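Chains as they are written, first to last, in our numbering: chain U, 1 to 594; chain V, 1 to 594.
Built from N, CA and C at the ideal position, the CB exists for glycine as well.
Remember, predicted model here, so these are calculated numbers, not experimental data.
Taking it in order: structure first as structure tokens, then the write-up.
There are 2 protein chains.
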Amino acid sequence: MTDYQAPVRQMRFTIEHLADFKAVAALPDFSSVDGDTTQAVLEEAAKFAGSVLAPINWLGDRQGVKVVNDAVQVPQEFATAYKQFCEAGWPGIASNPEFGGQGFPKTVALACDEMWAAANVAFALCPELTQGAILSMDRHATDELKQTYLEKLVSGQWSGTMCLTEPAAGSDLSSLTTKAEPNGDHYLISGTKIYITWGDHPMAGNLVHLVLARLPDAPPGTKGISLFVVPKYKLNADGTPGEFNDVIPVSVEHKMGIHASPTCVLAFGGKGGSVGYMVGKPNEGLAAMFTMMNYMRLGVGAQGVGLAERSYQKSVAYARERVQGRAPGEKGRVTIIRHPDVRRMLLLMRSLTQASRAICYYTASCLDRSAHGTDAEQVAVWQARADLMTPIAKAWCTEAAQEATSLGIQVHGGMGYVEETGVAQFYRDARIASIYEGTNGIQAIDLVGRKVLRDGGATVSAFVTDMRSVDAPLANAGDEFAVVRKALARGLDELVQCSTYLLTAERKDPELAGAAAFDYMMLLGTVIGGWQLARGALAALDELNAGAEDKPFLQAQVVMAKFYAEHVLPRCTAYAAAVQAGSASKMALAAEHF
Amino acid sequence: MTDYQAPVRQMRFTIEHLADFKAVAALPDFSSVDGDTTQAVLEEAAKFAGSVLAPINWLGDRQGVKVVNDAVQVPQEFATAYKQFCEAGWPGIASNPEFGGQGFPKTVALACDEMWAAANVAFALCPELTQGAILSMDRHATDELKQTYLEKLVSGQWSGTMCLTEPAAGSDLSSLTTKAEPNGDHYLISGTKIYITWGDHPMAGNLVHLVLARLPDAPPGTKGISLFVVPKYKLNADGTPGEFNDVIPVSVEHKMGIHASPTCVLAFGGKGGSVGYMVGKPNEGLAAMFTMMNYMRLGVGAQGVGLAERSYQKSVAYARERVQGRAPGEKGRVTIIRHPDVRRMLLLMRSLTQASRAICYYTASCLDRSAHGTDAEQVAVWQARADLMTPIAKAWCTEAAQEATSLGIQVHGGMGYVEETGVAQFYRDARIASIYEGTNGIQAIDLVGRKVLRDGGATVSAFVTDMRSVDAPLANAGDEFAVVRKALARGLDELVQCSTYLLTAERKDPELAGAAAFDYMMLLGTVIGGWQLARGALAALDELNAGAEDKPFLQAQVVMAKFYAEHVLPRCTAYAAAVQAGSASKMALAAEHF
Numbered sequence: 001m002t003d004y005q006a007p008v009r010q011m012r013f014t015i016e017h018l019a020d021f022k023a024v025a026a027l028p029d030f031s032s033v034d035g036d037t038t039q040a041v042l043e044e045a046a047k048f049a050g051s052v053l054a055p056i057n058w059l060g061d062r063q064g065v066k067v068v069n070d071a072v073q074v075p076q077e078f079a080t081a082y083k084q085f086c087e088a089g090w091p092g093i094a095s096n097p098e099f100g101g102q103g104f105p106k107t108v109a110l111a112c113d114e115m116w117a118a119a120n121v122a123f124a125l126c127p128e129l130t131q132g133a134i135l136s137m138d139r140h141a142t143d144e145l146k147q148t149y150l151e152k153l154v155s156g157q158w159s160g161t162m163c164l165t166e167p168a169a170g171s172d173l174s175s176l177t178t179k180a181e182p183n184g185d186h187y188l189i190s191g192t193k194i195y196i197t198w199g200d201h202p203m204a205g206n207l208v209h210l211v212l213a214r215l216p217d218a219p220p221g222t223k224g225i226s227l228f229v230v231p232k233y234k235l236n237a238d239g240t241p242g243e244f245n246d247v248i249p250v251s252v253e254h255k256m257g258i259h260a261s262p263t264c265v266l267a268f269g270g271k272g273g274s275v276g277y278m279v280g281k282p283n284e285g286l287a288a289m290f291t292m293m294n295y296m297r298l299g300v301g302a303q304g305v306g307l308a309e310r311s312y313q314k315s316v317a318y319a320r321e322r323v324q325g326r327a328p329g330e331k332g333r334v335t336i337i338r339h340p341d342v343r344r345m346l347l348l349m350r351s352l353t354q355a356s357r358a359i360c361y362y363t364a365s366c367l368d369r370s371a372h373g374t375d376a377e378q379v380a381v382w383q384a385r386a387d388l389m390t391p392i393a394k395a396w397c398t399e400a401a402q403e404a405t406s407l408g409i410q411v412h413g414g415m416g417y418v419e420e421t422g423v424a425q426f427y428r429d430a431r432i433a434s435i436y437e438g439t440n441g442i443q444a445i446d447l448v449g450r451k452v453l454r455d456g457g458a459t460v461s462a463f464v465t466d467m468r469s470v471d472a473p474l475a476n477a478g479d480e481f482a483v484v485r486k487a488l489a490r491g492l493d494e495l496v497q498c499s500t501y502l503l504t505a506e507r508k509d510p511e512l513a514g515a516a517a518f519d520y521m522m523l524l525g526t527v528i529g530g531w532q533l534a535r536g537a538l539a540a541l542d543e544l545n546a547g548a549e550d551k552p553f554l555q556a557q558v559v560m561a562k563f564y565a566e567h568v569l570p571r572c573t574a575y576a577a578a579v580q581a582g583s584a585s586k587m588a589l590a591a592e593h594f
Numbered sequence: 001m002t003d004y005q006a007p008v009r010q011m012r013f014t015i016e017h018l019a020d021f022k023a024v025a026a027l028p029d030f031s032s033v034d035g036d037t038t039q040a041v042l043e044e045a046a047k048f049a050g051s052v053l054a055p056i057n058w059l060g061d062r063q064g065v066k067v068v069n070d071a072v073q074v075p076q077e078f079a080t081a082y083k084q085f086c087e088a089g090w091p092g093i094a095s096n097p098e099f100g101g102q103g104f105p106k107t108v109a110l111a112c113d114e115m116w117a118a119a120n121v122a123f124a125l126c127p128e129l130t131q132g133a134i135l136s137m138d139r140h141a142t143d144e145l146k147q148t149y150l151e152k153l154v155s156g157q158w159s160g161t162m163c164l165t166e167p168a169a170g171s172d173l174s175s176l177t178t179k180a181e182p183n184g185d186h187y188l189i190s191g192t193k194i195y196i197t198w199g200d201h202p203m204a205g206n207l208v209h210l211v212l213a214r215l216p217d218a219p220p221g222t223k224g225i226s227l228f229v230v231p232k233y234k235l236n237a238d239g240t241p242g243e244f245n246d247v248i249p250v251s252v253e254h255k256m257g258i259h260a261s262p263t264c265v266l267a268f269g270g271k272g273g274s275v276g277y278m279v280g281k282p283n284e285g286l287a288a289m290f291t292m293m294n295y296m297r298l299g300v301g302a303q304g305v306g307l308a309e310r311s312y313q314k315s316v317a318y319a320r321e322r323v324q325g326r327a328p329g330e331k332g333r334v335t336i337i338r339h340p341d342v343r344r345m346l347l348l349m350r351s352l353t354q355a356s357r358a359i360c361y362y363t364a365s366c367l368d369r370s371a372h373g374t375d376a377e378q379v380a381v382w383q384a385r386a387d388l389m390t391p392i393a394k395a396w397c398t399e400a401a402q403e404a405t406s407l408g409i410q411v412h413g414g415m416g417y418v419e420e421t422g423v424a425q426f427y428r429d430a431r432i433a434s435i436y437e438g439t440n441g442i443q444a445i446d447l448v449g450r451k452v453l454r455d456g457g458a459t460v461s462a463f464v465t466d467m468r469s470v471d472a473p474l475a476n477a478g479d480e481f482a483v484v485r486k487a488l489a490r491g492l493d494e495l496v497q498c499s500t501y502l503l504t505a506e507r508k509d510p511e512l513a514g515a516a517a518f519d520y521m522m523l524l525g526t527v528i529g530g531w532q533l534a535r536g537a538l539a540a541l542d543e544l545n546a547g548a549e550d551k552p553f554l555q556a557q558v559v560m561a562k563f564y565a566e567h568v569l570p571r572c573t574a575y576a577a578a579v580q581a582g583s584a585s586k587m588a589l590a591a592e593h594f
């Protein structure tokens with residue numbers, strides 16, 4: 001029995017129509033991927049998520065994790081599920097075939113990531129981090145390191161972590177102090193890292209920590225940071241795990257959510273240094289880590305989508321069954337799904353979730369087209385768009401997830417606040433997604449500073465042009481689409497205004513980028529979401545006109561686009577006003593007068 | 001040591017300038033209340049909240065409550081604090097002097113309620129419920145019942161509860177089934193009630209349950225519900241608690257927050273009926289209960305204000321101390337309060353909190369002027385405005401509290417998600433406020449149906465006229481206020497448009513009121529908040545021009561009004577679009593296609 005059924009139809013529709021699946025499948029690296037293989041993967045993943053991961057989600061929340069004798073303990077059910085997860089080959093679904101991966105495009109694999117997160121986000125973080133570690137090593141490590149580690153990571157036998165944060169170095173990594181001393185063919189790492197997700201656990205045979213640290217002669221700031229791979233157990237000559245490498249989980253955090261995901265304080269090398277090996281070049285560790293980080297950011301966006309979807313499904317089920325109140329034109333009491341305000345909440349959840357999904361899958365598609373493209377010019381175009389999309393996928397989609405999971409509680413009324421109901425867990429679990437892998441404020445600043453201002457608005461302008469091309473088909477689609485067309489056009493106009501404002505006013509006001517970033521990010525994400533839902537409605541209309549069979553599903557795509565145009569796109573006006581307010585009122589008060 | 005300092009200066013300013021204190025103090029019932037007595041009450045309450053209630057808030061969250069041998073156990077520290085609370089006379093601060101109360105206006109007492117909630121909302125619910133019970137009995141019970149119960153309730157020796165909800169009767173009370181059988185001079189009550197806040201506990205000598213139940217011959221639906229007072233212990237001839245009255249706390253809920261507030265399932269009369277006495281007339285119990293309910297709704301709004309304020313204070317303290325990143329024009333690393341995006345979050349928290357406070361206190365002022373007025377026409381005016389304001393105070397302010405307490409977590413970054421930091425508790429505790437005492441959706445439907453449509457928009461129109469009168473002084477106040485003036489005028493125009501739309505379109509569309517209610521409530525609340533902050537800015541300007549000494553505080557009032565005009569008032573456009581979207585897209589899908 002499961003209470004999560006992955007929305008395979010909706011995912012497939014999104015991959016095909018909103019994440020340009022044809023263009024991805026046409027890339028040589030993906031020659032063996034087609035609609036049928038994709039469908040098969042999604043269906044198998046849906047089964048696994050629903051039958052293995054979802055049923056232990058609540059148990060994980062209640063039991064949590066703890067440190068006993070310098071080791072993290074997790075629920076036994078998680079270890080069993082992890083074993084099954086690996087046996088089924090899920091860890092390597094999108095990994096490099098050279099190391100045993102199945103080489104599926106991210107566009108497809110991200111739908112699986114969404115399912116794992118929906119079913120059990122605390123569990124999902126473990127393979128998610130491992131994927132990030134694989135990607136970073138695959139791109140930056142020596143062949144020897146790759147040969148030693150990657151196959152084990154791809155199979156899930158070993159798991160990976162990302163060790164960035166220190167007590168005084170969080171959003172700003174420049175002041176990190178963990179040390180790496182050269183020692184023959186390796187380095188000795190010592191220092192304390194905090195907030196290390198799945199930093200210790202007994203589910204894998206070894207843990208592979210990717211650790212940011214400083215060489216003795218490193219320059220200060222971010223230009224003196226190198227990346228090291230530090231295994232939990234040193235490897236024997238035959239590559240099997242041997243002696244303990246002095247990486248001690250000092251404690252785990254007591255968090256508001258994701259209780260079954262151990263968030264560790266890790267002490268490296270307290271007894272003389274943990275053995276580590278450099279990944280990439282000296283002092284260029286941040287770039288190598290950002291490969292992993294950007295990957296993780298999209299994954300966090302997908303976590304938001306998954307949790308929003310899960311909360312939506314539970315809320316719909318409740319609303320269909322809970323009888324309360326009466327309705328115009330009907331006799332007797334009705335189920336609450338009959339009430340317009342409950343429908344407002346459910347449609348808001350559904351349209352925000354689908355907009356988020358379309359944003360995330362599209363980002364994955366941009367990544368696939370840049371990482372696997374063959375035409376240099378096209379690769380550059382899609383890389384730039386992926387860079388633009390990544391902070392939006394992370395930040396906008398997790399803001400949407402907060403809103404959706406909160407609405408899920410609200411649909412349940414008093415029941416929603418009672419933990420046993422389960423929707424409270426989705427809300428608590430979702431709250432971290434706006435924080436980790438770079439807070440949403442940091443994402444927004446990255447978006448405005450590096451992705452919009454740096455190229456003079458070129459990337460965002462090109463995207464606006466693409467988005468405007470949906471206007472003509474919307475006009476042709478008839479009066480029914482007038483509200484979508486109007487709201488989207490207005491949002492796009494506001495976006496262009498705000499981009500121009502930022503590019504112009506920023507020269508005079510050094511605080512502007514930071515002051516306007518969050519609202520600009522929300523504006524851009526809201527417009528892209530509206531564009532995607534409009535494309536979805538048009539694609540659905542085409543299928544309906546072609547006589548497709550699943551009418552209710554396709555009609556729902558049209559309803560979502562309209563609802564979003566009426567209820568979400570108008571928020572653009574508020575975001576635009578906030579962007580154009582500049583920095584004056586924000587900087588007006590002295591710190592002591594807050 | 002305390003980490004909550006009640007914002008007495010801000011509260012006093014709000015009472016004086018935004019809740020029309022002069023008009024309240026001019027009422028004969030409040031002849032002994034003036035600025036000095038108000039200041040003294042606020043300062044004493046601030047001390048109590050900061051030194052007694054705030055320090056045990058976290059402990060309450062961790063320890064929670066449980067049922068042992070048919071009785072609820074609470075942390076011993078709570079019982080000690082409750083004793084001190086009663087000894088200091090706080091339960092009766094606003095109660096009828098005839099029964100030992102101090103007779104302060106609600107306009108002042110609500111500031112105390114805000115403090116109790118900010119310091120320890122789980123604790124605060126106990127006296128809050130008691131106040132509601134007092135009010136309902138004072139207005140509807142026989143003199144004999146009042147003589148028997150009120151003094152004990154006003155002193156806090158006994159505490160009160162509100163027993164409405166049953167498993168199948170939540171938002172819709174029409175189907176409640178608890179029975180009341182006549183039996184000589186009393187009734188025998190039997191049935192099960194759920195979600196009973198502080199439904200059992202050992203802090204008071206007796207509990208006084210106000211219970212909705214049906215007489216044997218009662219008509220079905222809401223017109224067959226009567227109200228009864230049912231003590232936990234029957235009274236001896238001398239009025240002291242005697243024999244157990246068969247009210248058993250079967251269990252307490254495991255909730256996401258307010259862990260130290262026991263939310264009970266209560267079984268009444270399992271052994272033949274609990275003795276109860278009717279309050280008010282047969283079959284008119286709902287009206288008597290609504291006296292209590294409306295009182296509680298304003299109290300819930302004040303809980304939102306308190307939790308938002310508490311989270312704000314903690315966030316400011318953290319932002320002033322946490323060093324991270326660099327800033328334009330400054331050497332070295334800076335505290336995060338220097339960053340514009342952190343300031344955006346703090347100012348959003350502060351302006352939403354102050355707008356909420358001003359809305360709640362103003363509602364209290366309307367209530368005081370209706371309940372204690374001497375001119376019948378004026379009483380009617382203020383009653384109508386209080387009726388309009390109550391659902392806004394409850395719903396808008398608790399939505400704002402969700403937003404503010406979420407921002408409080410965000411300011412803290414990863415620390416915010418760790419429970420020991422404390423801001424997560426405020427977020428979890430705040431989430432229930434949008435649900436209990438009638439969900440925010442129910443509040444919005446009450447607002448649109450009973451307070452706007454029923455009188456053809458007369459009450460809201462009169463209020464709009466009042467709010468427009470701030471335009472001229474804003475114009476006179478100079479260019480600095482242009483943004484406030486413009487945003488407020490636009491919001492008011494959108495409000496008028498939407499009111500007209502509702503009044504017109506509702507005749508043709510029976511689903512419209514429900515479909516548009518939530519966004520209309522948000523629109524109206526946002527405009528009223530903007531009006532209040534504008535008034536605050538003008539009052540501050542007057543004081544500044546008169547040479548007042550606390551310039552930073554007064555200048556902050558102006559900054560808040562501007563920030564809110566730039567960042568919050570523009571949301572009105574989105575709410576207005578959603579209202580005017582009507583019900584079509586919401587009602588488009590069949591229930592099975594969600």
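Worksheet item: Which chain U residues are close to I392 of chain V, counting only those with a beta carbon under 7 Å from its beta carbon?
Response: Counted from its first residue, the second sequence places residue 392 of chain V at position 392. What I392 of chain V touches in chain U: nothing, since even the nearest Cβ is about 16 Å away.
Fill in: Where the beta strand (DSSP E) through Q73 of chain V begins and ends
Mapped onto the second sequence, residue 73 of chain V falls at position 73. Segment 71-73, the beta strand (DSSP E) holding Q73 of chain V.
Worksheet item: Are the C-beta atoms of M256 of chain U and some chain V residue less than 8 Å apart?
Response: The residue given as residue 256 of chain U occupies position 256 in the first sequence. M256 of chain U counts as touching chain V.
Worksheet item: Within 8 Å (strictly less), CB to CB, does R571 of chain V reach chain U?
Response: Numbered from 1 along the second sequence, position 571 holds the residue referred to as residue 571 of chain V. With 8 Å as the cut-off, R571 of chain V counts as an interface residue toward chain U.
Discussion item. Looking only at its chain, what residues have a beta carbon closer than 8 Å to the beta carbon of I445 of chain U, apart from the 5 residues adjacent to it on each side?
Written reply: The residue you call residue 445 of chain U lines up with position 445 of the first sequence. So the qualifying residues of the chain are A513, G514, A517.
Discussion item. Report the CB separation of L188 of chain V from S51 of chain V in whole angstroms; it is logged as a contact under 8 Å.
Written reply: As a position in the second sequence, residue 188 of chain V is number 188, starting the count at 1. As a position in the second sequence, residue 51 of chain V is number 51, starting the count at 1. The pair is not a contact, with the Cβ atoms about 45 Å apart (cut-off 8 Å).
Worksheet entry | Segment limits, alpha helix (DSSP H) that includes M623 of chain V | Since the first and last residues shown for chain V are 1 and 594, residue 623 of chain V lies out of range.
Practice prompt. Answer yes or no: does any C-beta atom of chain V fall closer than 8 Å to that of F85 of chain U?
Written response: If you number the first sequence from 1, residue 85 of chain U lands on position 85. No, F85 of chain U lies away from the interface with chain V (no Cβ there is under 8 Å from its Cβ).
Practice prompt. Could you tell me whether any Cβ in chain U is nearer than 8 Å to the Cβ of R535 of chain V?
Written response: To locate residue 535 of chain V, count along the second sequence from 1; it is residue 535. Cβ-Cβ to chain U under 8 Å: no for R535 of chain V.
Worksheet entry | Rounded separation between R333 of chain V and S469 of chain V - CA only | Here residue 333 of chain V refers to the residue found at position 333 of the second sequence. Here residue 469 of chain V refers to the residue found at position 469 of the second sequence. C-alpha separation (whole angstroms): 47 Å.
Worksheet item: Could you give the distance in angstroms between the alpha-carbon of E43 of chain V and the alpha-carbon of V8 of chain V?
Response: Along the second sequence, read from residue 1 onward, the residue named residue 43 of chain V stands at position 43. Along the second sequence, read from residue 1 onward, the residue named residue 8 of chain V stands at position 8. Spanning the two alpha carbons is a distance of roughly 7 Å.
Fill in: Residue range of the beta strand (DSSP E) that includes M162 of chain V
Here residue 162 of chain V refers to the residue found at position 162 of the second sequence. First-last of the beta strand (DSSP E) with M162 of chain V: 158-163.
Practice prompt. For G547 of chain U, count neighbouring C-beta atoms within 10 Å of its own C-beta (all shown protein chains included) and say buried if the count is 16 or more, exposed if not.
Written response: Numbered from its first residue, the first sequence carries residue 547 of chain U at position 547. Counting Cβ neighbours within 10 Å, G547 of chain U comes out exposed, since fewer than 16 surround it.
Discussion item. In whole angstroms, give me the CA-to-CA distance for V323 of chain U and A319 of chain V.
Written reply: The sequence position of residue 323 of chain U within the first sequence is 323, counting from 1. The sequence position of residue 319 of chain V within the second sequence is 319, counting from 1. About 47 Å.
Worksheet item: Are the C-beta of I445 of chain U and some C-beta of chain V separated by less than 8 Å?
Response: Within the first sequence, numbered from 1, the residue matching residue 445 of chain U stands at position 445. Closer than 8 Å: yes.
Discussion item. Run through chain U and tell me which residues come within less than 7 Å of I337 of chain V, C-beta to C-beta.
Written reply: The sequence position of residue 337 of chain V within the second sequence is 337, counting from 1. Within chain U, the residues near I337 of chain V are A591, F594.
Discussion item. Rounding to the nearest angstrom, what Cα-Cα distance links Q443 of chain V and A578 of chain U in this structure?
Written reply: For the purposes of this step, residue 443 of chain V is identified with residue 443 of the second sequence, where counting begins at 1. For the purposes of this step, residue 578 of chain U is identified with residue 578 of the first sequence, where counting begins at 1. Distance between the alpha carbons of Q443 of chain V and A578 of chain U: 29 Å.
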